[in-house]
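> The following block contains the structure, expressed as structure tokens.
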Amino acid sequence: MNLANRITIARIFLIPVVLLFLLVRFDFGYFKIGGHTTTVSEIVAALIFIIAAATDGLDGYIARKRKMVTNFGKFLDPLADKLLVTAALVSLVEMGRIGAVETIIIIFREFVISGLRTIAASEGIILAASKLGKLKTTLQIIAISALILNNFPFSYIDFPFAQIMVFAAVVVTIWSGVDYLRKNKHVIYSGRI
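Heads up, our numbering is the position in the sequence shown plus 11, with the first residue counted as 1.
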């Protein structure tokens, strides 16, 4: 159990904390700007979500820099990312802040590509992440954070930042998934997986 893996495990343990502040109505107060209300709990949930999401880059950097890359880490790191994004999105559907269709598209892509990578890895084939995949992850994190914050701080100018970011995240999610499958079709059709 090295430092990088401990950071990944910490990310998983932060998920219920995000959900606690997001779904339980603590009476810490709220901010009302324009037609949107954001509670202090939601701000705390967004901050914890952002910290948890940021640990993804940190654990990968530490693992590579200190030569701590392990099979456990290779398995757990993407799983932690999917759990964080999925838990946040499902909670936001429950809150009525994102549609089920957008959520299903994002989750479907995540599990199809993760499944392909896992099967390929079991055969000793490494399918590297792409720049589009990293852009997709960044857009998803921004979109989810904006949805948790209920468009704060843009609500005072009635700018639908969260909705624009969700649209961008869904478009890039689809694009990156298709691109990933296209670039790795030789592996899919090789009969090795």
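Think of the CB as a built atom: it goes at the ideal place given N, C-alpha and C, for glycine as much as any other residue.
At the level of alpha carbons, what is the spacing between F42 and Y191?
Here residue 42 refers to the residue found at position 31 of the sequence shown. Here residue 191 refers to the residue found at position 180 of the sequence shown. F42 and Y191: Cα-Cα distance of roughly 41 angstroms.
> Among all the DSSP beta bridges, which residues are the ones paired with T49?
Residue 49 sits at position 38 when you count from the first residue of the sequence shown. F42.
> Using 8 angstroms for Cβ pairs, my map puts G188 next to I124. What's the rounded Cβ distance?
Within the sequence shown, the letter at position 177 stands for residue 188. Within the sequence shown, the letter at position 113 stands for residue 124. Yes, G188 and I124 are in contact; Cβ-Cβ is about 6 angstroms, under 8 angstroms.
> Rounded to the nearest angstrom, how far is the Cβ of A56 from that of L90, given a contact under 8 angstroms?
Numbered from 1 along the sequence shown, position 45 holds the residue referred to as residue 56. Numbered from 1 along the sequence shown, position 79 holds the residue referred to as residue 90. In fact, because the Cβ distance is near 21 angstroms, the residues do not count as touching under 8 angstroms.
> Can you list, in chain order, the residues of its chain whose CB lies under 6 angstroms from that of R120, leaving out five sequence neighbours each side?
Walking along the sequence shown from the start, residue 120 turns up at place 109. Cβ neighbours of R120 beyond the five flanking positions: T184, G188.
> According to DSSP, is N195 part of a helix, a strand, or is it coil?
Taking the first residue of the sequence shown as 1, we reach residue 195 at position 184. If DSSP states are grouped into helix, strand and coil, N195 belongs with coil.
> Alpha carbon to alpha carbon, how far is R22 from R36?
As a position in the sequence shown, residue 22 is number 11, starting the count at 1. As a position in the sequence shown, residue 36 is number 25, starting the count at 1. Rounded to whole angstroms, R22 to R36 spans 23 angstroms at the Cα level.
> Tell me where the alpha helix (DSSP H) around T81 begins and ends.
Within the sequence shown, the letter at position 70 stands for residue 81. No alpha helix (DSSP H) contains T81, which DSSP labels as neither H nor E.
> Let me check understanding here. Comparing Cα to Cα, which of L138, L95, N13, L150 lies closest to K76?
By 1-based counting over the sequence shown, the position of residue 76 is 65. Taking only the C-alpha atoms, the option nearest K76 is N13.
> Helix, strand or coil: how does DSSP classify P171 here?
On the sequence shown, position 160 is the one that residue 171 refers to. Reduced to three states, the DSSP call for P171 is coil.
> Between N195 and K147, what straight-line distance do the alpha-carbon atoms span, to the nearest angstrom?
The residue given as residue 195 occupies position 184 in the sequence shown. The residue given as residue 147 occupies position 136 in the sequence shown. Between N195 and K147, the C-alpha separation is close to 18 angstroms.
> Around the C-beta of F53, are 16 or more other C-beta atoms found within 10 angstroms, so that it is buried, or is it exposed?
To locate residue 53, count along the sequence shown from 1; it is residue 42. Note on identity: in this sequence residue 53 is Glu, with Phe being the wrong assignment. Its Cβ being crowded by 16 or more others within 10 Å, E53 is buried.
> Please report the straight-line C-alpha distance between T129 and K93, rounded to a whole angstrom.
Here residue 129 is taken as the residue at index 118 of the sequence shown, counted from 1. Here residue 93 is taken as the residue at index 82 of the sequence shown, counted from 1. Straight-line Cα distance between these residues: approximately 13 angstroms.
> Taking the alpha helix (DSSP H) that G144 belongs to, which residues open and close that run?
Residue numbering aside, residue 144 sits at position 133 when the sequence shown is read from its first letter. G144 -> alpha helix (DSSP H) spans 142-159.
> Which runs of the alpha helix (DSSP H) at least 4 residues long sit entirely within the segment 85-136? Give them in chain order.
DSSP runs (the alpha helix (DSSP H)) wholly in the segment 85-136: 111-133.
> By how many angstroms is the C-alpha of E113 removed from the C-alpha of F60?
Start at 1 with the first residue of the sequence shown, and residue 60 comes out as number 49. Start at 1 with the first residue of the sequence shown, and residue 113 comes out as number 102. Going by the C-alpha atoms only, they are around 19 angstroms apart.
> Report buried or exposed for D38, applying the criterion of at least 16 other Cβ atoms within 10 angstroms of its Cβ.
Indexing the sequence shown from 1 puts residue 38 at position 27. Exposed is the call here.
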